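From first to last, the protein sequence lines stand for chains A and B. The numbering used here puts the first residue of the first sequence at 2, with every later residue one more than the last. The numbering used here puts the first residue of the second sequence at 2, with every later residue one more than the last. Glycine included, C-beta positions come from ideal geometry on N, C-alpha and C. Remember, it's a predicted structure, so these values are computed and weren't measured experimentally. Down below is the structure, laid out as structure tokens.
There are 2 protein chains.
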Amino acid sequence: MEKQIVERITGSCPSRNPVFREQALERQSQLTKPPGSLGKLEDIAVRLADLQQSHQPGLDNIAISVFAADHGVAEEGVSAFPQEVTGQMALNFLNGGAAINVLATQLGASLEVIDVGVLNELPDAPGLIVQRAGKGTANSAREAAMTQQQLQVALQAGFDAVERAIAHKADLFIGGDMGIGNTTAASALYCALLGLSAEQASGAGTGLDQQGIARKAEVVERIYSLHQHQCGDDALEWLRCVGGFEIAALCSATIHAAQSGLAVLVDGFISSASALCALKINPDISDWLFFSHISAEQGHRKAMQEMNQTGLLDLQMRLGEGSGAATAALLMRAACALHNDMATFAEAAVAGKDDKA
Amino acid sequence: MEKQIVERITGSCPSRNPVFREQALERQSQLTKPPGSLGKLEDIAVRLADLQQSHQPGLDNIAISVFAADHGVAEEGVSAFPQEVTGQMALNFLNGGAAINVLATQLGASLEVIDVGVLNELPDAPGLIVQRAGKGTANSAREAAMTQQQLQVALQAGFDAVERAIAHKADLFIGGDMGIGNTTAASALYCALLGLSAEQASGAGTGLDQQGIARKAEVVERIYSLHQHQCGDDALEWLRCVGGFEIAALCSATIHAAQSGLAVLVDGFISSASALCALKINPDISDWLFFSHISAEQGHRKAMQEMNQTGLLDLQMRLGEGSGAATAALLMRAACALHNDMATFAEAAVAGKDDKA
Numbered sequence: 002m003e004k005q006i007v008e009r010i011t012g013s014c015p016s017r018n019p020v021f022r023e024q025a026l027e028r029q030s031q032l033t034k035p036p037g038s039l040g041k042l043e044d045i046a047v048r049l050a051d052l053q054q055s056h057q058p059g060l061d062n063i064a065i066s067v068f069a070a071d072h073g074v075a076e077e078g079v080s081a082f083p084q085e086v087t088g089q090m091a092l093n094f095l096n097g098g099a100a101i102n103v104l105a106t107q108l109g110a111s112l113e114v115i116d117v118g119v120l121n122e123l124p125d126a127p128g129l130i131v132q133r134a135g136k137g138t139a140n141s142a143r144e145a146a147m148t149q150q151q152l153q154v155a156l157q158a159g160f161d162a163v164e165r166a167i168a169h170k171a172d173l174f175i176g177g178d179m180g181i182g183n184t185t186a187a188s189a190l191y192c193a194l195l196g197l198s199a200e201q202a203s204g205a206g207t208g209l210d211q212q213g214i215a216r217k218a219e220v221v222e223r224i225y226s227l228h229q230h231q232c233g234d235d236a237l238e239w240l241r242c243v244g245g246f247e248i249a250a251l252c253s254a255t256i257h258a259a260q261s262g263l264a265v266l267v268d269g270f271i272s273s274a275s276a277l278c279a280l281k282i283n284p285d286i287s288d289w290l291f292f293s294h295i296s297a298e299q300g301h302r303k304a305m306q307e308m309n310q311t312g313l314l315d316l317q318m319r320l321g322e323g324s325g326a327a328t329a330a331l332l333m334r335a336a337c338a339l340h341n342d343m344a345t346f347a348e349a350a351v352a353g354k355d356d357k358a
Numbered sequence: 002m003e004k005q006i007v008e009r010i011t012g013s014c015p016s017r018n019p020v021f022r023e024q025a026l027e028r029q030s031q032l033t034k035p036p037g038s039l040g041k042l043e044d045i046a047v048r049l050a051d052l053q054q055s056h057q058p059g060l061d062n063i064a065i066s067v068f069a070a071d072h073g074v075a076e077e078g079v080s081a082f083p084q085e086v087t088g089q090m091a092l093n094f095l096n097g098g099a100a101i102n103v104l105a106t107q108l109g110a111s112l113e114v115i116d117v118g119v120l121n122e123l124p125d126a127p128g129l130i131v132q133r134a135g136k137g138t139a140n141s142a143r144e145a146a147m148t149q150q151q152l153q154v155a156l157q158a159g160f161d162a163v164e165r166a167i168a169h170k171a172d173l174f175i176g177g178d179m180g181i182g183n184t185t186a187a188s189a190l191y192c193a194l195l196g197l198s199a200e201q202a203s204g205a206g207t208g209l210d211q212q213g214i215a216r217k218a219e220v221v222e223r224i225y226s227l228h229q230h231q232c233g234d235d236a237l238e239w240l241r242c243v244g245g246f247e248i249a250a251l252c253s254a255t256i257h258a259a260q261s262g263l264a265v266l267v268d269g270f271i272s273s274a275s276a277l278c279a280l281k282i283n284p285d286i287s288d289w290l291f292f293s294h295i296s297a298e299q300g301h302r303k304a305m306q307e308m309n310q311t312g313l314l315d316l317q318m319r320l321g322e323g324s325g326a327a328t329a330a331l332l333m334r335a336a337c338a339l340h341n342d343m344a345t346f347a348e349a350a351v352a353g354k355d356d357k358a
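Okay, structure coming up:
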């Protein structure tokens with residue numbers, strides 16, 4: 002890896018004036034409710050006030066970037082859907098028909114699709130960014146998924162998506178994924194970076210049966226064994242050898258958003274694996290990451306526990322595309338509104354806790 | 002209890018044409034996502050399509066009614082906040098400063114406040130409905146919380162709120178509560194109707210310390226013992242003897258909404274106790290109830306388990322007012338949008354599961 006890009010992804014995040022967090026906590030204690038009674042919604046508002054360095058945390062401009070790419074490992078028969086679905090779904094995103102489109106509309110969020118390496122090139126369309134690292138990755142069960150050069154292209158795609166989000170004054174970044182075969186790549190990353198077993202980390206993906214899951218776990222085990230010596234405890238090298246173009250782009254986007262002072266809402270199984278790589282590469286980013294949900298995909302709950310994360314939602318979702326994050330963003334926006342718009346005890350002339358009658 | 006009102010609350014719910022549920026399930030299987038991958042959001046959309054008897058389930062008109070009343074049992078020292086907070090918070094609702102106001106604005110929902118028996122009468126204000134059953138209930142640790150006549154007034158308040166919601170073409174009913182001392186009443190109902198122990202059912206409410214919680218559990222035990230012989234397994238009589246005016250109104254509103262073909266989204270600790278009474282009185286309503294969240298209030302998780310409910314959210318909220326339900330409604334609306342607006346595999350020309358390439 003070129004020194005320049007390694008320096009870029011390990012660079013620090015902006016320092017913050019603690020006064021915003023302190024004043025947000027103080028305000029929460031003054032709002033007309035028992036202290037703590039809004040639970041995680043209070044934590045979200047306080048964290049966003051701190052990260053945004055604002056007394057009025059807000060999520061008016063949410064930027065969603067969905068990265069699509071294919072996976073050579075699909076030839077091992079690890080998915081219930083055929084590989085051409087990656088490109089077909091990318092077109093569905095561009096035509097407005099997918100879950101993430103509907104949720105983006107609900108949020109009034111911007112949505113762009115980045116082709117980081119779908120097997121067959123997509124027709125030009127509004128909202129499509131083309132930054133291809135290849136015609137899908139190589140089969141990680143046989144060789145490294147990508148070359149150094151390909152990894153660099155994929156990382157650059159993530160950086161650039163965040164630059165566009167910042168240019169549009171985004172106050173939250175959501176990255177989504179599309180890639181038939183990518184749960185296999187993410188499973189391998191959980192094995193490599195969290196020590197999960199292949200069985201613990203391998204699930205149904207888009208809909209494998211029990212036999213399919215067992216075969217997939219064998220493939221994950223093979224991938225892990227093949228690259229273990231080469232990768233050791235180098236998260237970036239694991240990302241290159243067993244990850245995917247979209248997973249690498251999500252990783253660099255997560256890092257660069259944090260470095261740019263932009264909060265990131267992490268989606269489910271795939272995005273969390275990207276975030277895991279990002280955290281291993283650059284632990285300084287951790288404050289900037291919100292984890293949106295526990296996916297129903299086998300291994301995610303365990304992985305989240307290992308990462309000391311709980312997630313806001315637990316709705317048995319397992320779609321990817323950023324859909325879990327976009328759903329959770331509805332609650333984060335409500336958390337901001339509650340923080341900003343509720344009356345204080347003094348404003349409402351309501352007696353406080355333990356006040357005498 | 003008059004025969005008329007007993008007949009009214011035990012009356013049946015509308016029958017439904019199964020075709021709407023079947024077609025909603027069929028549509029979910031055709032949308033461009035792996036089957037089941039939107040988890041509980043799919044279930045919500047299908048249930049609403051069935052209940053609303055519509056191919057396009059929607060939550061455009063959400064009606065929120067917050068019932069406020071005082072509790073004689075407050076004199077036992079069971080709350081961290083003084084009793085006048087009930088009326089002060091009701092005024093806060095009317096002035097737009099409370100959590101439920103902010104969430105209602107987020108939802109574009111209607112919001113009304115019903116004084117079912119706050120200690121001191123509230124000044125007239127737009128959005129205030131006055132239907133008082135008394136100056137707070139009697140102290141249930143010493144006598145029945147309400148007379149038969151008072152119970153009837155409170156039940157009528159619930160019926161009438163639903164009638165107003167229907168007149169405004171509501172597609173979802175949310176009931177909220179405000180009443181210092183009402184977690185004690187709800188705890189007693191969980192003991193009586195689910196067999197929870199006083200310790201299991203008694204929590205911090207608005208913010209008791211450990212000593213306060215222990216005292217409250219003693220009071221709950223005393224309430225339960227005092228009324229056990231009189232009430233037996235009669236849920237309506239338990240409601241009268243240990244409940245509150247707002248709890249009774251929520252109970253009848255829940256029943257009447259279901260009887261009127263209007264889905265109900267149940268809030269947390271207090272509302273679930275009302276729903277429990279409603280289900281015991283009229284089991285026919287169960288299809289019409291959605292449970293919004295697991296409250297952080299001690300005993301709610303256990304009570305929900307006993308009621309075979311999971312709730313959509315688990316955000317450590319414990320505020321009441323309908324706030325947990327209003328937060329969950331954001332997700333239910335997203336569930337409807339996903340159901341109605343996503344493209345099918347055929348529309349998007351995406352290959353389905355197990356299709357050959």
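- Message: Is the beta carbon of Thr255/A closer than 8 Å to that of Ile286/A?
- Response: yes
- Candidates Leu277/A, Cys252/A, Leu190/A and Arg143/A: closest to Val154/A by CA position: Cys252/A
- So with Cβ pairs under 8 Å, would you call Ala193/B a contact of chain A? no
- Which residues in the same chain have their Cβ closer than 7 Å to the Cβ of Gly37/A, if we skip the five residues on either side of it in sequence? Glu43
- Query: Ser111/A by DSSP, collapsed to three states: which one?
  - Reply: strand
- Go ahead and pull the three-state DSSP assignment for Ser198/B. coil
- Item | Residues that Gly98/B contacts on chain A, provided the C-beta gap is smaller than 7 Å | Thr33, Met343, Ala344, Glu348 and Ala349
- According to DSSP, residues forming a beta bridge with Ser38/B: Its beta-bridge partners do not exist; DSSP assigns none.
- Residues that Thr328/A contacts on chain B, provided the C-beta gap is smaller than 7 Å: Leu332 and Ala335
- Task: Over the uninterrupted alpha helix (DSSP H) stretch that includes Ile282/A, give me the two end residues.
- Result: Phe270 to Ile282
- Query: With DSSP run on the structure shown, which of helix, strand or coil describes Val119/B?
  - Reply: coil
- With a threshold of 16 other CB atoms inside 10 Å of the CB of Ser226/B, please say whether the residue is buried or exposed. exposed
- Query: In chain order, which continuous runs of the beta strand (DSSP E) of length 3 or greater are located wholly inside the region 161-248 of chain B?
  - Reply: 173-179
- Task: For Asn102/A, count neighbouring C-beta atoms within 10 Å of its own C-beta (all shown protein chains included) and say buried if the count is 16 or more, exposed if not.
- Result: buried
- Going by the beta-carbon positions, is the gap between Val119/B and Gly88/B smaller than 8 Å? yes
- Task: Assign Phe82/A to one of three DSSP states: helix, strand, or coil.
- Result: coil
- Message: Residues of chain A with CB closer than 9 Å to the CB of Leu104/B, please, in chain order.
- Response: Ala335, Ala338 and Leu339
- Does any residue of chain A bring its CB to less than 8 Å from the CB of Pro127/B? no
- Message: Here's the rule I'm using: 16 or more other beta-carbon atoms within 10 Å means buried, otherwise exposed. How should Gln5/B be labelled?
- Response: exposed
- Task: Determine the extent of the beta strand (DSSP E) in which Ala64/A is found, giving its start and end residues.
- Result: Ile63 to Ala70
- For the region 169-197 of chain B, which residues have a beta carbon sitting closer than 9 Å to at least one beta carbon of chain A? none
- What is the residue span of the alpha helix (DSSP H) that Ile295/A lies within? It is not in any alpha helix (DSSP H) - Ile295/A carries neither H nor E in the DSSP assignment.
- Which residues in chain B sit within 8 Å of Asn62/A, going by Cβ to Cβ distance? In chain order: nothing, as chain B lies at least about 17 Å away.
- Query: If we ignore side chains and look at the alpha-carbon of each, how far apart do Met318/A and Lys41/B end up?
  - Reply: 7 Å
- Is Gly196/B buried or exposed, if buried means 16 or more other CB atoms sit within 10 Å of its CB? exposed
- Task: Put Val351/A into one of helix, strand or coil per three-state DSSP.
- Result: coil
- List, in order along the chain, the chain B residues whose C-beta lies closer than 9 Å to that of Ala297/A? Gly37, Ser38 and Gly40
- What separation, rounded to the nearest whole angstrom, lies between the Cα atoms of Cys278/B and Ala193/A? 52 Å
- Message: Let's test the definition: count the other Cβ atoms within 10 Å of the Cβ of Val414/B and tell me whether it reaches 16, buried, or not, exposed.
- Response: Look at the range of chain B in this structure, 2 to 358, and you will see that residue 414/B is not part of it.
- Do the CB positions of Val243/B and Ala146/B come within less than 8 Å of each other? yes
- Alpha-carbon to alpha-carbon, Met333/A and Leu190/A: 29 Å
- Min CB distance Asn93/B to chain A below 8 Å: yes
- Would you mind sorting Gln231/B into buried or exposed? The rule is 16 or more other CB atoms within 10 Å of its CB. exposed
- Task: With Ile286/A as the anchor, note down where its beta strand (DSSP E) starts and where it stops.
- Result: Segment: none, Ile286/A is in no beta strand (DSSP E) and carries neither H nor E.
- Query: Quick one: does Thr255/B have its CB under 8 Å from some CB of chain A?
  - Reply: no
- Message: Between the alpha carbons of Glu307/B and Thr184/B, how many angstroms are there, rounded?
- Response: 18 Å
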